[in-house]
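Novice: If you count the sequence shown from 1, you need to add 12 to reach our numbering.
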Amino acid sequence: MPHIYRFLNRDGKLRFPLISNYVSSRFRRVLQLTQEADMENKTLEEKLAELELCANSANDLSELRRVLDAQQQCFECYLKHKNGVEHPGTVADCNCICHEILLKMLIFVDGENSGRVCFKLIDHNLFNEALAMKRFEKPEQEGEEDDGWNFVLRRVDTPDHYIEVDGVITNIAISVDKKQLFVSYETRAFASSTKYSVYCVDLEKMVLDKFPFSGAMLSNEQAFLCSNEFLLASAVGEEVHIWARRHGGNAVQRLAVDTRIVDLSLHPTNNTLITASQNYLAVWSTTQPN
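1. What residue range is occupied by the uninterrupted alpha helix (DSSP H) comprising Phe39?
2. What first and last residue would you give for the beta strand (DSSP E) that runs through Leu115?
3. Short check: CB of Val177 to CB of Gly127, under 7 Å?
4. Would DSSP call Ala288 helix, strand or coil?
5. Based on the DSSP output, what are the partners of Asp275 in its beta bridges?
6. Mind checking Glu198: buried by the 16 CB within 10 Å criterion, or exposed?
7. For the candidate residues Leu215, Asp221, Lys217 and Thr206, whose alpha-carbon lies nearest to that of Gly249?
8. Should Glu198 be listed as close to the ligand COA, given that the test is whether its C-beta is under 6 Å from any heavy atom?
9. Do you know offhand how far Trp255's Cα is from Gly123's?
10. Please return the same chain residues whose Cβ sits closer than 6 Å to the Cβ of Lys116, not counting the five positions on each side in sequence.
11. Here's a check: name, in chain order, each residue in its chain whose Cβ is nearer than 7 Å to the Cβ of Pro224, leaving out the five neighbours to either side.
12. Please state the DSSP three-state secondary structure of Lys207.
13. Look up Glu251 in the DSSP assignment and say whether it is helix, strand or coil.
14. State yes or no: is the C-beta of Arg266 within less than 7 Å of the C-beta of His253?
15. With DSSP as the reference, identify every bridge partner of Asn183, one or two as the case may be.
16. Can you give the beta carbon distance from Cys238 to Leu193, rounded, assuming they're within the 8 Å contact cut?
17. Which same chain residues end up closer than 8 Å to Ala49 when comparing Cβ atoms and leaving out the 5 residues on each side of it in sequence?
18. Could you pull the start and end residues of the beta strand (DSSP E) that Val129 belongs to?
19. Assign Leu215 to one of two classes, buried (16 or more other C-beta atoms within 10 Å of its C-beta) or exposed (fewer than that).
20. Check whether the Cβ atoms of Leu43 and Asp189 sit closer than 7 Å, and answer yes or no.
21. Using the C-alpha atoms, what's the distance from Leu244 back to Asn283?
22. Do Ala288 and Asp275 have their CB atoms nearer than 7 Å?
23. How is Glu10 classed by DSSP in three states: helix, strand or coil?
24. Any idea which residues DSSP pairs Val121 with across the strands?
25. Please report the straight-line C-alpha distance between Thr170 and Ala247, rounded to a whole angstrom.
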């Protein structure tokens, strides 16, 4: 059975932690380049410029982009298996990072009243590699409490990537296919109220969509967020907004209950929604019960 170790945000507060078993090949490759640049004492910009200079032609760059966007391949595969189309069996023998099925991604909001959502690649070799580094430390560099795991924690205590929004994040939810992250946050709208918005993060490109889901609400209540294969639902106060997940735009449905909603959940595949209030549960469905 695997051990469980504490890491990340050692001295702060971590909110809304989620684990995704999908990590895009492009994000993995950017992290690889960052590590390589650090070892070579270069900036990431210098490393990327070097990568472009290494390409022989525009066709090679086009092929590189195609490989980076493929789910099961990365640039290292591209270098090792340029003839992968003719010999597809060789890719299965590659030991590069894009074939590591144990990689996960930790997603969390960093601290109270924060507008920063953070991403950390979880590698099962992370702790062993950090412990191996400890062998090269001089004894006088160690602190009184610097045991093996404290040494590890100092090296994994920062996120690999973060995205900031111009407000305070109130909740996050991940799609069923793990390729979209929905972020709800609030900004001050008027003197006595706040504006509540919902944006989408494309986890394949690791960018925040420019346009929010329309129909933002004005409220001082806590916000809740969830999604399934087809829908995105958000509750603030006594009202629920529902959007078509893949199309965005205006809310396709608005629901209301008599008392303040304290949580909500969508069924993963069918369009059944449960809202929890202080005194009862409400079940909403697009089909009539038998």
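The beta carbon of each residue, even a glycine, is placed where N, CA and C say it ideally should be.
Specialist: Well, looking at it:
1. Ser37 to Met51
2. Boundaries for Leu115: no beta strand (DSSP E) harbours it, and the DSSP string shows neither H nor E there.
3. yes
4. strand
5. BP columns for Asp275 point to Ala288.
6. buried
7. When only C-alpha atoms are compared, the closest one is Thr206.
8. Of ligands this structure carries none, so the ligand COA is not represented either.
9. Cα-Cα distance, rounded: 28 Å.
10. Ile31, Asn33 and Ile134, listed in sequence order.
11. Ser209, Val210 and Tyr211
12. strand
13. strand
14. yes
15. Answer by DSSP bridge pairing, in chain order: Ser196.
16. Contact doesn't hold; Cβ gap of about 12 Å is too wide.
17. Non-local C-beta neighbours of Ala49 in its own chain, meaning closer than 8 Å and more than five positions away in sequence, comprise Thr55, Leu56, Glu58 and Lys59, ordered along the chain.
18. Unbroken beta strand (DSSP E) run through Val129: Arg128 to Ile134.
19. So Leu215 counts as buried.
20. no
21. 10 Å
22. Taking 7 Å as the cut-off, the Cβ atoms of Ala288 and Asp275 count as close.
23. Here the chain comprises residues numbered 13 to 302, so residue 10 is not present and cannot be evaluated.
24. Arg27 and Val129
25. 32 Å
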